[in-house]
Amino acid sequence: MKHSFEYIITYVTPAGKRAGIYKSMQKEELDTLLQKLQVEGCTVEKVEIIRRCQPHCP
43 MKHSFEYIIT YVTPAGKRAG IYKSMQKEEL DTLLQKLQVE GCTVEKVEII RRCQPHCP
């Protein structure tokens, strides 16, 4: 069984604005999202695990 975690990802856009994403996802989804942000020219500042999700998390 794969586990999901709730993450907060903070990053800086190419325009210099700080932004954040709060999302429940599996490790593979996180890796894909981080790659997408980098391709778009964003600089990821921090990835923080908030908590482990129960099986019913979205």
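What the sequence shown shows, in our numbering, is residues 43 to 100, in sequence order.
C-beta atoms are modelled at their ideal positions from N, C-alpha and C, and glycine is treated no differently.
Check                                                                                                                  : Outcome
Check whether Gln68 and Ser46 have beta carbons under 9 Å apart                                                        : yes
Buried/exposed call for Tyr53, threshold 16 Cβ in 10 Å                                                                 : buried
Start and end residues, alpha helix (DSSP H) containing Lys69                                                          : Lys69 to Val81
Neighbourhood of Tyr49 by C-beta distance below 8 Å, restricted to the same chain and skipping five residues each side : Ile63, Tyr64, Lys65, Ser66, Met67, Leu72, Val89, Glu90, Ile91 and Ile92
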